């Protein structure tokens with residue numbers, strides 16, 4: 142019930158891909174399974190029917206919405222309000238228009254982004270930026286909310302995939318996470334280079350989050366001690382942490398041209 146709005150949005154969108162009655166049947170069959178039978182179960186179902194290549198941007202927006210709703214339960218309404226304001230401003234700037242005054246809630250800004258994906262296909266970057274800037278304003282730097290959102294966004298999907306706890310080796314965990322990201326059409330083009338048992342270099346060949354990261358640099362949004370932020374690295378660090386069960390962190394070494402970073406055990 143808490144995610145009824147999300148169900149309605151996704152059923153409307155997926156109606157032209159998979160017959161709605163089939164989706165409803167799959168959800169109802171699994172409704173007793175708790176969180177996995179909610180928004181995440183629908184994603185897993187769609188993975189099985191191979192529809193993901195058609196819906197990457199829509200999936201990313203709805204996926205982020207669910208994650209930020211969960212973070213908002215911890216950080217409160219002030220975090221959500223800031224996220225909405227910053228995401229709205231980012232999206233409006235990309236669309237070349239003034240931010241609509243009537244957009245006040247997370248649902249509002251998500252609907253605004255979804256309806257304009259034909260004009261700005263990377264609308265999910267507005268939510269990524271809004272989250273990072275809200276976190277930075279509240280905490281003084283990106284950190285707690287940013288990391289929690291990455292973990293929340295991945296945990297249920299990866300649990301359903303069977304990846305959690307599959308390996309303790311960092312590079313293998315990252316490679317498995319990359320294969321999973323490819324399977325849901327949300328993968329950047331990355332290369333993993335093992336430096337040691339505890340450290341892997343990551344070369345980002347082509348990134349879907351460049352708009353967000355360029356905005357981080359323009360606005361001085363950074364991690365503690367001025368360390369540069371990276372939307373890709375936070376996602377893969379969270380994935381590696383979930384797969385290995387070990388604490389992981391990351392650093393961005395260079396973000397001109399091909400971004401280069403490191404993910405390491407702590």
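In the working numbering, the protein residues as written are 142 to 407.
No residue lacks a Cβ here, since even glycine has one placed at the ideal position from N, Cα and C.
None of these values were measured; they are calculated from a predicted model.
Check: Straight-line Cα distance separating residue 406 from residue 244; Outcome: 41 Å
Check: Beta-carbon spacing of residue 372, residue 347 below 8 Å; Outcome: no
Check: Separation of residue 324 from residue 198, as counted between CA atoms; Outcome: 14 Å
Check: Rounded Cβ spacing between residue 209 and residue 279 (contact assumed at less than 8 Å); Outcome: Not a contact, Cβ separation roughly 13 Å.
Check: CB contact flag (residue 344, residue 401, <8 Å); Outcome: yes
Check: Status (buried if at least 16 other CB within 10 Å, exposed otherwise) for residue 314; Outcome: buried
Check: Close Cβ partners of residue 241 (< 8 Å) along its chain, the five nearest in sequence each way excluded; Outcome: 229, 233 and 253
Check: Continuous alpha helix (DSSP H) assignments of at least 4 residues falling wholly in the segment 240 to 276; Outcome: 247 to 256
Check: First through last residue of the beta strand (DSSP E) which encompasses residue 346; Outcome: 340 to 347
Check: Identity of the residues DSSP links to residue 406 by a beta bridge; Outcome: 389
Check: DSSP three-state assignment for residue 359, whether helix, strand or coil; Outcome: helix
Check: Straight-line gap, residue 394 to residue 404 (C-alpha atoms, nearest Å); Outcome: 11 Å
Check: Beta-carbon proximity check, residue 318 vs residue 384, cutoff 8 Å; Outcome: yes
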